[in-house]
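Peer 1: One structure, as C-alpha coordinates, below. Some questions next.
Residue numbers (the numbering used here): 78 to 203.
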(Lines of atoms letter the chains of each structure in order from A and count residues from 1; the text may use other names and numbers.)
(Lines give C-alpha, C1' and ligand atoms only; values in the text may rest on other atoms or scores of the structure.)
Protein backbone atom coordinates (compact mmCIF):
# COMPACT_ATOMS: atom_id res chain seq x y z
CA UNK A 1 0.00 0.00 0.00
CA UNK A 2 1.51 3.30 -1.07
CA UNK A 3 1.68 6.09 1.48
CA UNK A 4 0.02 9.35 0.58
CA UNK A 5 1.55 12.65 1.58
CA UNK A 6 -0.26 15.95 1.75
CA UNK A 7 1.58 19.08 0.74
CA UNK A 8 2.22 21.52 3.56
CA UNK A 9 -0.03 24.58 3.38
CA UNK A 10 1.85 27.56 1.96
CA UNK A 11 0.53 29.91 4.66
CA UNK A 12 2.61 27.95 7.20
CA UNK A 13 5.74 28.95 5.27
CA UNK A 14 7.78 31.86 6.61
CA UNK A 15 9.07 34.27 3.98
CA UNK A 16 12.07 36.54 4.57
CA UNK A 17 11.40 40.26 4.86
CA UNK A 18 12.13 42.07 1.57
CA UNK A 19 15.08 43.94 3.09
CA UNK A 20 16.47 40.67 4.52
CA UNK A 21 16.51 38.74 1.24
CA UNK A 22 19.80 37.44 -0.14
CA UNK A 23 21.20 40.27 -2.28
CA UNK A 24 23.28 38.99 -5.18
CA UNK A 25 25.02 42.35 -5.95
CA UNK A 26 25.97 42.87 -2.29
CA UNK A 27 27.46 39.39 -1.95
CA UNK A 28 29.27 39.66 -5.31
CA UNK A 29 30.81 42.91 -4.05
CA UNK A 30 31.98 41.12 -0.88
CA UNK A 31 33.54 38.31 -2.92
CA UNK A 32 35.31 40.78 -5.24
CA UNK A 33 36.69 42.84 -2.34
CA UNK A 34 37.99 39.78 -0.50
CA UNK A 35 39.66 38.45 -3.66
CA UNK A 36 41.32 41.78 -4.37
CA UNK A 37 42.48 42.10 -0.73
CA UNK A 38 43.74 38.55 -0.21
CA UNK A 39 45.04 37.64 -3.66
CA UNK A 40 45.96 40.77 -5.55
CA UNK A 41 47.56 40.87 -8.99
CA UNK A 42 51.06 39.90 -7.82
CA UNK A 43 50.32 36.67 -5.93
CA UNK A 44 51.62 33.65 -7.81
CA UNK A 45 50.02 30.22 -7.88
CA UNK A 46 51.77 27.69 -5.64
CA UNK A 47 50.10 24.30 -5.39
CA UNK A 48 50.97 23.82 -1.72
CA UNK A 49 49.40 27.18 -0.85
CA UNK A 50 46.13 26.61 -2.75
CA UNK A 51 44.27 24.69 -0.03
CA UNK A 52 45.08 27.17 2.79
CA UNK A 53 44.19 30.02 0.41
CA UNK A 54 40.80 28.45 -0.31
CA UNK A 55 40.09 27.99 3.41
CA UNK A 56 41.09 31.58 4.19
CA UNK A 57 39.07 33.01 1.27
CA UNK A 58 35.95 31.04 2.19
CA UNK A 59 36.22 31.93 5.89
CA UNK A 60 36.64 35.65 5.19
CA UNK A 61 33.82 35.73 2.62
CA UNK A 62 31.58 33.81 5.02
CA UNK A 63 32.29 36.27 7.87
CA UNK A 64 31.70 39.36 5.73
CA UNK A 65 28.51 37.90 4.24
CA UNK A 66 27.15 37.11 7.72
CA UNK A 67 27.77 40.77 8.65
CA UNK A 68 25.32 41.77 5.89
CA UNK A 69 22.59 40.52 8.22
CA UNK A 70 20.94 37.62 6.42
CA UNK A 71 18.84 36.19 9.24
CA UNK A 72 17.75 32.58 8.90
CA UNK A 73 19.96 31.98 5.85
CA UNK A 74 22.38 29.09 5.71
CA UNK A 75 25.42 30.20 3.74
CA UNK A 76 27.57 27.79 1.74
CA UNK A 77 30.78 29.09 0.18
CA UNK A 78 32.56 27.13 -2.57
CA UNK A 79 35.90 28.14 -4.09
CA UNK A 80 38.01 26.78 -6.93
CA UNK A 81 41.60 27.96 -7.44
CA UNK A 82 43.56 27.03 -10.57
CA UNK A 83 46.81 28.07 -12.15
CA UNK A 84 46.55 30.34 -15.18
CA UNK A 85 48.38 28.11 -17.66
CA UNK A 86 46.34 28.60 -20.85
CA UNK A 87 44.07 25.67 -20.06
CA UNK A 88 40.30 25.54 -20.30
CA UNK A 89 38.02 24.69 -17.42
CA UNK A 90 34.35 24.88 -16.57
CA UNK A 91 33.04 25.13 -13.03
CA UNK A 92 29.48 24.11 -12.31
CA UNK A 93 27.30 23.37 -9.32
CA UNK A 94 23.80 22.23 -8.51
CA UNK A 95 21.60 22.91 -5.56
CA UNK A 96 18.04 22.01 -4.62
CA UNK A 97 16.24 25.06 -3.31
CA UNK A 98 13.16 27.25 -3.26
CA UNK A 99 13.37 29.88 -6.04
CA UNK A 100 11.17 32.24 -3.99
CA UNK A 101 13.67 32.58 -1.12
CA UNK A 102 17.06 31.10 -2.07
CA UNK A 103 19.75 32.47 -4.37
CA UNK A 104 23.48 32.51 -5.04
CA UNK A 105 26.22 34.92 -6.01
CA UNK A 106 29.38 34.03 -7.91
CA UNK A 107 32.48 35.86 -9.00
CA UNK A 108 35.61 34.89 -10.94
CA UNK A 109 38.85 36.65 -10.12
CA UNK A 110 41.60 36.31 -12.71
CA UNK A 111 45.19 37.45 -12.58
CA UNK A 112 48.26 36.67 -14.64
CA UNK A 113 49.01 33.70 -12.36
CA UNK A 114 45.69 32.20 -11.22
CA UNK A 115 41.93 32.00 -11.65
CA UNK A 116 39.66 31.91 -8.61
CA UNK A 117 35.95 31.12 -8.92
CA UNK A 118 33.83 31.56 -5.81
CA UNK A 119 30.12 30.92 -5.28
CA UNK A 120 28.11 31.75 -2.17
CA UNK A 121 24.74 30.02 -1.82
CA UNK A 122 22.12 31.54 0.45
CA UNK A 123 19.50 28.95 1.43
CA UNK A 124 16.64 30.22 3.59
CA UNK A 125 16.13 28.25 6.79
CA UNK A 126 12.40 27.90 7.50
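Positions of the beta carbon are idealized from the N, C-alpha and C atoms, including for glycine.
1) Would a C-beta distance cut-off of 8 angstroms place residue 186 and residue 112 closer than the cut-off?
2) Hey, does residue 154 have any beta-carbon neighbour from chain D nearer than 8 angstroms?
3) Is it the case that the segment 125 to 133 contacts the segment 169 to 185, given that we only count it when at least three CB pairs across the two stretches are under 8 angstroms?
4) In or out: residue 178 buried (at least 16 other Cβ within 10 Å) or exposed?
5) Apart from the five residues on each side of it in sequence, which residues of its chain come closer than 7 angstroms, Cβ to Cβ, to residue 108?
6) My assumption, with CB atoms under 8 angstroms, is that residue 190 sits in contact with residue 156. Please give the rounded CB distance.
7) Just the Cα atoms here: how many angstroms apart are residue 168 and residue 95?
Peer 2: Reading it off the structure:
1) yes
2) Note that chain D does not occur in the displayed structure, where there is just one protein chain.
3) no
4) buried
5) 138, 182, 184, 195 and 197
6) Actually they do not touch by this definition, with Cβ atoms about 16 angstroms apart.
7) 31 angstroms
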